[in-house]
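Notes to accompany the following structure.
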Amino acid sequence: DGWQQALHKEDRERIFSLWRRHAQDRQPWDAEYRFCSPDGTVSWVMGRAIALRDAHGEVSSYVGINIDITDRKQTEHALRRSQKMDAIGQLTGGIAHDFNNILSIILGNLDMLKRQIDGDEKTLKRIDNIAYAAERAASLTSQLLGFSRQKAASTEPTDINKVIHNMENLITQALTPQVEIVHQLADDLWQTDIDAGDFEDALLNIVLNARDAMNGQGKLTIETKNCTLDETYARINPGVIPGDYVQLAISDSGSGIPFEMQDRIFEPFFTTKSMDKGTGLGLAMVFGFVKRAGGNIKVYSESGIGTTFRLYLPRAGELPETTQTGTVQPDSLTGGQETILVVDDEQALLELVEETLQQLGYNIITASDGKQALAILNSDQAIDMLFTDVVMPGGINGYELADMASSIRPQLKVLLTSGYTEMAVCRNGQARFNANMLSKPYTQVELSRIIRDILGKTQESAE
Ligand SMILES: Nc1ncnc2c1ncn2[C@@H]1O[C@H](COP(=O)(O)OP(=O)(O)OP(=O)(O)O)[C@@H](O)[C@H]1O
Ligand SMILES: [Mg+2]
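Count along the sequence shown starting at 1, add 3, and that's the number in my numbering.
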């Protein structure tokens with residue numbers, strides 16, 4: 004009958020076998036399945052029924068109800084997906100953190116080696132090769148952190164139309180001349196609080212994917228508009244807060260993405276491209292960017308027709324603009340004579356930092372965990388600066404250590420380092436260490452500069 008015909012092809016077998024079982028065991032029947040309406044829309048239904056039997060116990064007819072549960076199904080699906088992405092984010096963040104430690108050791112030791120052997124061209128070349136490889140690994144790690152990071156480095160109310168406008172050349176160059184580019188940018192577009200650099204990366208990633216999908220020919224459309232997401236939308240998209248958003252839609256006329264794959268494309272390392280063409284981090288970074296901005300991303304795609312990515316970025320409130328001015332630094336390693344307490348649980352890294360800073364003239368005391376460091380801070384040793392890792396085992400992390408150290412010695416300068424930086428910094432009340440944060444892996448030049456910077460400030464404020 005009509006009911007059977009409406010049943011989704013993929014659900015038929017399962018439902019019919021449930022029917023057959025029900026005819027025998029005489030239990031009330033219930034199941035969840037999909038209905039297809041004549042116009043092609045699919046809805047999820049929960050059905051409950053009981054069989055009516057004749058005098059011989061044979062099934063003569065059924066009575067039952069169908070309840071539409073499409074909304075609930077969509078919510079469940081989106082929730083599972085967001086939980087999965089959260090878990091992957093934590094996992095990759097953790098790996099990236101360990102990797103940054105390891106890369107710090109490799110790069111730091113190479114820096115030292117280079118200084119030790121002057122003149123030997125062949126050896127220098129080898130060292131450069133290793134350093135190049137390690138730096139590539141570092142850039143991969145930073146892409147990974149770009150996905151798992153919780154907070155943007157610096158956000159500002161931004162008119163994305165302007166950013167897109169400035170990128171026109173870049174986008175044209177990324178595509179072949181046979182690809183037609185269409186811009187439909189709304190006038191009076193609201194501003195959105197984003198890191199413009201992150202946004203450029205995200206847009207470029209999507210454009211590059213479109214290029215790969217179009218095989219050199221087709222049409223790329225970039226649209227912006229204001230939109231308001233309501234309660235209904237928020238209910239079926241967990242994590243979305245109803246409100247005003249700036250919508251960016253990028254459409255291509257490429258190969259499209261098969262439906263089963265659409266859920267996985269945002270996962271790090273998910274790629275359908277060959278080894279040398281893609282790593283599968285592009286959309287993971289885009290996803291990370293959108294989530295950090297408090298927004299949402301949607302993909303709509305049809306095989307053989309094309310793909311649209313929609314990014315929803317929250318409308319900016321009336322936040323004061325903050326501008327940061329950088330200080331110009333000399334190129335060489337600058338040192339000093341102050342005493343620095345260095346805390347890191349990674350022994351090789353501790354030794355490396357100790358040696359580097361000693362060579363620059365500093366007086367170094369080391370500790371391999373928070374407890375040891377506190378014992379030293381409680382002694383009457385003269386110490387000008389505490390330089391500590393944020394993530395440490397042994398019950399006291401870098402923030403807690405910095406807090407305790409500041410209460411023991413209010414004058415003490417603090418520098419934190421972490422492979423996790425942004426994620427850790429965004430925790431409440433800890434943003435005040437923002438300025439004094441060095442992310443791993445760092446070069447020796449960066450290390451020497453930031454230390455001189457912080458210690459220099461002390462002398463100025465003391466005068
Ligand atoms: N516009 C698109 N059209 C068709 N398929 C797409 C499109 N965008 C993404 N995909 C699919 O999603 C996968 C993941 O994309 P993603 O950008 O994360 O990684 P990648 O492009 O494969 O590698 P990378 O971006 O690291 O170079 C792609 O391999 C591709 O299969
Ligand atoms: Mg890509």
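The beta carbon of each residue, even a glycine, is placed where N, CA and C say it ideally should be. Bear in mind the structure is a predicted one, so any value in this text is a computation, not a measurement.
With fewer than 16 neighbouring CB atoms inside 10 Å of its own CB, Pro396 falls in the exposed class. As a beta-bridge residue in DSSP terms, Glu305 pairs with Gly309.
For Gln93, same chain residues with a beta-carbon under 8 Å away, outside a window of 5 residues either side, are Ser151 in chain order. When only Cα atoms are considered, Phe102 and Ile453 end up about 22 Å apart.
Ser254 is not a Cβ neighbour of Thr275, given a cutoff of 8 Å. Within 10 angstroms of the beta-carbon of Gln250 lie 16 or more other beta-carbons, which makes it buried. With a cutoff of 8 Å on beta-carbon distance, Leu419 and Ile108 are scored as not near each other. With respect to the C-alpha of Leu143, the residue from Ile98, Leu178 and Met88 having the closest C-alpha is Ile98.
In this structure, ligand 2 has a non-hydrogen atom nearer than 7 Å to the beta-carbon of Asn212. For Met217, the enclosing alpha helix (DSSP H) stretches over residues Ala199 to Met217.
Exposed is the label assigned to Trp6, since fewer than 16 other Cβ atoms lie within 10 Å of its Cβ.
Contact between the segment 166-179 and the segment 208-225 is present: 3 or more CB-CB pairs across the two stretches fall below 8 Å. Comparing alpha-carbon positions, the option among Gly339, Glu341, Gln340 and Val356 lying closest to Asp347 turns out to be Val356. Per the C-alpha coordinates, the member of Gly246, Gly281 and Gly309 positioned closest to Gln265 is Gly309. Cα atoms of Ala296 and Arg267: separation of roughly 21 Å, rounded to the nearest angstrom. In the three-state scheme derived from DSSP, where H, G and I count as helix and E and B as strand, Tyr445 is classed as coil. Annotation: the continuous beta strand (DSSP E) that includes Trp47 extends over Val45 to Arg56.
Ligand 2 has a heavy atom closer than 7 Å to the beta-carbon of Leu286. With a minimum length of 3 residues, the unbroken runs of beta strand (DSSP E) contained wholly in the segment 239-275 fall at 246-255. No heavy atom of ligand 2 is found nearer than 7 Å to the CB of Gly200. Taking the CA atoms as reference points, Glu61 sits about 18 Å from Gly67. Secondary structure at Ala140: helix, using DSSP grouped into helix, strand and coil.
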